[in-house]
Amino acid sequence: KNQVEQSPQSLIILEGKNCTLQCNYTVSPFSNLRWYKQDTGRGPVSLTIMTFSENTKSNGRYTATLDADTKQSSLHITASQLSDSASYICVVSFTGGGNKLTFGTGTQLKVEL
Amino acid sequence: NAGVTQTPKFRILKIGQSMTLQCAQDMNHNYMYWYRQDPGMGLKLIYYSVGAGITDKGEVPNGYNVSRSTTEDFPLRLELAAPSQTSVYFCASSGTGGWYEQYFGPGTRLTVT
Numbered sequence: 003k004n005q006v007e008q009s010p011q012s013l014i015i016l017e018g019k020n021c022t023l024q025c026n027y028t029v030s031p032f033s034n035l036r037w038y039k040q041d042t043g044r045g046p047v048s049l050t051i052m053t054f055s056e057n058t059k060s061n062g063r064y065t066a067t068l069d070a071d072t073k074q075s076s077l078h079i080t081a082s083q084l085s086d087s088a089s090y091i092c093v094v095s096f097t098g099g100g101n102k103l104t105f106g107t108g109t110q111l112k113v114e115l
Numbered sequence: 883n884a885g886v887t888q889t890p891k892f893r894i895l896k897i898g899q900s901m902t903l904q905c906a907q908d909m910n911h912n913y914m915y916w917y918r919q920d921p922g923m924g925l926k927l928i929y930y931s932v933g934a935g936i937t938d939k940g941e942v943p944n945g946y947n948v949s950r951s952t953t954e955d956f957p958l959r960l961e962l963a964a965p966s967q968t969s970v971y972f973c974a975s976s977g978t979g980g981w982y983e984q985y986f987g988p989g990t991r992l993t994v995t
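Protein chains in written order, with my numbering: chain A, 3 to 115; chain B, 883 to 995.
Next comes the structure, spelled out in structure tokens:
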């Protein structure tokens, strides 16, 4: 069964600090991996999309890494801001599934002063 | 360019009632999707459509129906509402193929009592 697991479940950091969120998946055959940001009460918004041949992809202060051999990905947030407080969701697409996605349960990040 | 819009934002239904959740997009996307998000769970695909007149079941279709008469609109129908359908519903759209980013609407929070 295709699964996506994320850790930690929740995280609190001080403004200005960095943090790294983890994602492990068992989706096969793998097509691409995405990270979404979901603010409270809003729909998810895409941060990055990576194929198995990409190791790293950045979007401003967000950097995603992918190790397709170990089926692991991470999202690194640099110099966190209060507006980074949100749920970060790892999402995997499998080959032959059209554009159907398997969603993780998310990491709830809170950035405090 | 409004993107993906959903109505209503909130709704309370009594058990056994029916309703239609509306979804529209103005990006000329062929693919449209309906998801539900339960607390602590990843988004689950209910139904999707690859173009006007074509729909297919996702992971959790029971208790729902859809239609796609135009490219822009993709309504979700709940017949005989049950407490298990209490959830947040998201509509999304994307270009054709497994690579395209999915754009999400703001969601509809539905409570069935």
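For glycine and all other residues, C-beta sits at the position ideal for the given N, C-alpha and C.
The beta strand (DSSP E) runs of length 3 or more contained entirely in the stretch 926-989 of chain B are, from start to end of the chain, 926-933, 936-939, 946-948, 958-960 and 969-976.
If you compare the alpha carbons of A:Thr-53, A:Gln-83, A:Arg-44 and A:Ser-55 with that of Arg-63 (chain A), the shortest gap goes to A:Gln-83. Segment contact: the stretch 102-110 of chain A against the stretch 52-61 of chain A, fewer than three CB-CB distances shorter than 8 Å; contact not assigned. Listed along chain B, no residue sits closer than 9 Å to Phe-32 (chain A) by beta-carbon distance, the nearest being about 11 Å off. Inclusion of Cys-21 (chain A) and Ile-79 (chain A) in the CB contact set at 8 Å is warranted, their separation being smaller than that value. Three or more pairs of CB atoms, one per stretch, sit closer than 8 Å, so the stretch 950-958 of chain B contacts the stretch 899-912 of chain B. For Trp-981 (chain B), the chain A residues whose C-beta falls within less than 9 Å of its own C-beta are Ser-33, Asn-34, Ile-51, Thr-53, Ser-95 and Asn-101, listed in chain order.
Burial is judged here by how many other beta carbons sit within 10 angstroms of a residue's own beta carbon; Ile-936 (chain B) has fewer than 16 and is exposed. Collapsing the DSSP output to three states places Leu-13 (chain A) in a strand. Identification of chain B residues near Val-6 (chain A) by a Cβ-Cβ cut-off of 8 Å yields Gly-924, ordered along the chain.
For Gly-45 (chain A), the nearest beta carbon of chain B is closer than 8 Å to its own beta carbon.
Chain-order list of chain B residues neighbouring Thr-107 (chain A): Gly-922, Met-923 and Gly-924, by C-beta distance under 9 Å.
Close partners of Gly-987 (chain B) in chain A (Cβ separation under 8 Å): Gly-45.
For Asp-86 (chain A), the three-state secondary structure derived from DSSP is helix.
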